[in-house]
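Okay, so here's the structure we're looking at.
Chains as they are written, first to last, in my numbering: chain A, 132 to 429; chain B, 132 to 429.
Here it is, written out as structure tokens:
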């Protein structure tokens, strides 16, 4: 039986390349105009090899775009106070425009306390309470990068959101909750599902836009998807498997993100874009992309 | 035809009286233990008679409970900077434990900037970005008072929330959005509806728990309600009319809040309760009610 894929793929690799190219152009312009290159500080606590790889990847992308990076590595044995202190120094340092604390921190470190030491103006990874609330209310601030990347993908493929049913499966502070708030800010009717949701397939079948953000391999099956839906798979599980059973889902969806090559590449692209935006704001320069959104509350 | 009301009423007046009695007892205990009575600062900008009445009512309730109040009245012609300055002084004043800025401020005043001048530890009305995000993530902080009051009502009537469908109609920063986050934190599957939602009745009919928080008189009809649902009417429109058509809804619901006498009285009760809690924390005393919640993110 031949595989009849009907969905169009949402190409995150291509879109991320565009966003990165713009970030690189903006970086050049900013550096020429001010004599200062944007600078992203990365903070890595402990020696998890996966986390080290992610940080390295982000630094490499920065270098390619002309963004400087500054790295702070702390041993796994460090106290919360020491990490807070290090992040606080970066927040106060005028040469640093953006701060990324690689998640997850070792269990003994209070990650929330560390995040809150990031000045919201430098929170280019969108992890502070301030950023989350600003995102929720449509105020100026930085989106969590993966949710921000998902919105970029939806916009690039001209997905209509206003008045449509969006279902978000997952409710983590850096993915499920913020992406739901961003969709709500764009006038979608938003449902949050999670591990305690009863009859999940019945709810996902109502979704015009379905976001899987739960981190459970192939949890969502093709039969759970409304024909013609837009499917965003933000899961990234071992073996390059998403949260959606791709083959069966692609036969029902109109648009779908592949894993890898869908949401994943957008995360770093948004991180770099927001770093340039942060530098632009801190250096007092006006670029077109610096406008804040506004939201309906009715 | 006789009116056959099947729903039990959720008596907010009675529950609020209990919460206020506890707040008064805690205030007495705290005052005896520390020599300091809790103090709520109220800030009123402009001369809207409705707002003045609300503030007066809050002050009277404080006085009855033994909570001191301090009032700051500013003319409608004041600048945002002047209000921010006044609120900043209250934030810095160790004699003030809670701050309430009466909503709405005159249009020329940037209400968000004023709210952000409130120290989150004194944000007993739950209006800062910090409070909203903390509420969303189940961290220690103060709930917006009406959402907090709604949760109190649901708990008092032992409404099961985990795994149940909750629908919130409305998405304002101080009502719809936070109440949805509190319900999500209690493991309900939460849907946000609003003015752009298509086929609202179809969605409200899926709700085990329906929260009307939209400010449109009798928008939600009895036929829109799932038989046996719990209906929370947070609307308060001219003529003592809620957002729900009460008579027809009461014939379908299992539990329903009346208007007035349902959600309304809970708002002030939670405000006072949170003022006492804020004072307790700031004075370094441990009371049983000061525990923070924790949330699932899966």
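In this text, a Cβ means the ideal position worked out from N, Cα and C, and glycines have one as well.
Status (buried if at least 16 other CB within 10 Å, exposed otherwise) for residue i
{"i": "residue 210 (chain A)", "result": "exposed"}
{"i": "residue 397 (chain A)", "result": "buried"}
{"i": "residue 325 (chain A)", "result": "buried"}
{"i": "residue 411 (chain A)", "result": "buried"}
{"i": "residue 330 (chain A)", "result": "exposed"}
{"i": "residue 138 (chain A)", "result": "buried"}
{"i": "residue 317 (chain B)", "result": "buried"}
{"i": "residue 283 (chain A)", "result": "buried"}
{"i": "residue 344 (chain A)", "result": "buried"}
{"i": "residue 357 (chain A)", "result": "buried"}
{"i": "residue 187 (chain B)", "result": "exposed"}
{"i": "residue 295 (chain A)", "result": "buried"}
{"i": "residue 415 (chain A)", "result": "exposed"}
{"i": "residue 154 (chain B)", "result": "buried"}
{"i": "residue 259 (chain B)", "result": "buried"}
{"i": "residue 417 (chain B)", "result": "exposed"}
{"i": "residue 436 (chain A)", "result": "Chain A is shown only over 132 to 429; residue 436 (chain A) falls outside these bounds and no answer can be derived."}
{"i": "residue 461 (chain B)", "result": "A query on residue 461 (chain B) cannot be resolved here, the shown segment of chain B reaching from 132 to 429 and no further."}
{"i": "residue 359 (chain A)", "result": "exposed"}
{"i": "residue 409 (chain B)", "result": "buried"}
Distance, residue j Cα to residue i Cα
{"i": "residue 207 (chain B)", "j": "residue 405 (chain B)", "result": "28 Å"}
{"i": "residue 197 (chain A)", "j": "residue 165 (chain A)", "result": "14 Å"}
{"i": "residue 199 (chain A)", "j": "residue 192 (chain A)", "result": "10 Å"}
{"i": "residue 242 (chain B)", "j": "residue 235 (chain B)", "result": "8 Å"}
{"i": "residue 306 (chain B)", "j": "residue 277 (chain B)", "result": "7 Å"}
{"i": "residue 226 (chain A)", "j": "residue 170 (chain A)", "result": "7 Å"}
{"i": "residue 141 (chain A)", "j": "residue 388 (chain A)", "result": "5 Å"}
{"i": "residue 195 (chain B)", "j": "residue 314 (chain A)", "result": "44 Å"}
{"i": "residue 334 (chain A)", "j": "residue 346 (chain B)", "result": "27 Å"}
{"i": "residue 423 (chain A)", "j": "residue 261 (chain B)", "result": "Confidence is the limiting factor: at residue 423 (chain A) the pLDDT is only 43, short of 50, which leaves the residue's position unreliable and the question unanswerable from this model."}
{"i": "residue 143 (chain A)", "j": "residue 386 (chain A)", "result": "12 Å"}
{"i": "residue 297 (chain A)", "j": "residue 349 (chain B)", "result": "26 Å"}
{"i": "residue 427 (chain B)", "j": "residue 160 (chain B)", "result": "34 Å"}
{"i": "residue 268 (chain B)", "j": "residue 429 (chain B)", "result": "12 Å"}
{"i": "residue 384 (chain B)", "j": "residue 332 (chain A)", "result": "26 Å"}
{"i": "residue 287 (chain B)", "j": "residue 322 (chain A)", "result": "26 Å"}
{"i": "residue 413 (chain B)", "j": "residue 224 (chain B)", "result": "12 Å"}
{"i": "residue 291 (chain A)", "j": "residue 273 (chain A)", "result": "23 Å"}
{"i": "residue 275 (chain B)", "j": "residue 158 (chain A)", "result": "41 Å"}
{"i": "residue 145 (chain A)", "j": "residue 176 (chain A)", "result": "32 Å"}
{"i": "residue 150 (chain A)", "j": "residue 374 (chain A)", "result": "25 Å"}
{"i": "residue 89 (chain B)", "j": "residue 205 (chain B)", "result": "The question about residue 89 (chain B) has no answer here: the residues shown for chain B are numbered 132 through 429."}
{"i": "residue 368 (chain B)", "j": "residue 403 (chain B)", "result": "24 Å"}
{"i": "residue 336 (chain B)", "j": "residue 293 (chain B)", "result": "18 Å"}
{"i": "residue 201 (chain B)", "j": "residue 163 (chain B)", "result": "20 Å"}
Residue from the options whose Cα sits closest to the Cα of residue i
{"i": "residue 279 (chain A)", "options": "A:356, A:251, A:247, A:256", "result": "A:256"}
{"i": "residue 147 (chain B)", "options": "B:429, B:400, B:413, B:387", "result": "B:400"}
{"i": "residue 233 (chain B)", "options": "B:239, B:312, B:269, B:181", "result": "B:181"}
{"i": "residue 174 (chain B)", "options": "B:156, B:307, B:341, B:190", "result": "B:190"}
{"i": "residue 252 (chain B)", "options": "B:156, B:298, B:231", "result": "B:231"}
{"i": "residue 203 (chain B)", "options": "B:270, B:172, B:342", "result": "B:172"}
{"i": "residue 365 (chain A)", "options": "A:384, A:390, A:386", "result": "A:390"}
{"i": "residue 213 (chain B)", "options": "B:229, B:239, B:188", "result": "B:239"}
{"i": "residue 312 (chain A)", "options": "A:403, A:266, A:362", "result": "A:266"}
{"i": "residue 339 (chain A)", "options": "A:299, A:372, A:426", "result": "A:299"}
{"i": "residue 392 (chain B)", "options": "B:319, B:359, B:281", "result": "B:281"}
{"i": "residue 327 (chain B)", "options": "A:402, A:320, A:327", "result": "A:320"}
{"i": "residue 178 (chain A)", "options": "A:223, A:237, A:215", "result": "A:237"}
{"i": "residue 371 (chain B)", "options": "B:395, B:152, B:184, B:359", "result": "B:395"}
{"i": "residue 264 (chain A)", "options": "B:414, B:224, B:303, B:358", "result": "B:303"}
{"i": "residue 88 (chain B)", "options": "B:228, B:271, B:229, B:215", "result": "Residue 88 (chain B) lies beyond the range of chain B shown here (132 to 429); nothing can be said about it."}
{"i": "residue 309 (chain A)", "options": "A:289, A:336, A:337, A:342", "result": "A:342"}
{"i": "residue 289 (chain A)", "options": "A:152, A:367, A:361", "result": "A:361"}
Short CB-CB distance (under 7 Å) between residue i and chain C
{"i": "residue 429 (chain A)", "result": "Given the protein chain composition of this structure (A and B), no chain C is represented."}
Task: Near-chain B residues of the segment 242–258 of chain A (beta-carbon distance less than 8 Å), N- to C-terminal order - done: 243
TODO: Check whether the segment 210–228 of chain A touches the segment 247–264 of chain A, counting contact only when three or more Cβ pairs, one atom from each stretch, lie closer than 8 Å.
DONE: yes
Open item on the list: Short of 8 Å Cβ to Cβ, which residues in the segment 211–222 of chain B face chain A?
Closed with: none
Task: Residues from the segment 264–277 of chain A in contact with chain B, defined by Cβ distance under 8 Å - done: 264, 265, 267, 268, 270
Task: Interface residues of the segment 312–324 of chain B facing chain A [CB-CB below 7 Å] - done: 315, 318, 320, 321, 322, 323, 324
Open item on the list: Beta carbons nearer than 7 Å to chain B: which residues of the segment 282–315 of chain A have them?
Closed with: 293, 294, 302, 303, 304, 308, 315
Task: the segment 346–354 of chain B in contact with the segment 374–394 of chain B per 3-pair CB rule at 8 Å - done: yes
- [ ] May I ask you to list, following chain order, the residues of the segment 172–192 of chain B that have a beta carbon less than 8 Å from some beta carbon of chain A?
- [x] none
Open item on the list: Against chain B, which members of the segment 406–417 of chain A pass a CB distance test of less than 9 Å?
Closed with: none
Open item on the list: Please identify, using Cβ separations under 7 Å, the residues of the segment 354–374 of chain B that lie next to chain A, in order along the chain.
Closed with: none
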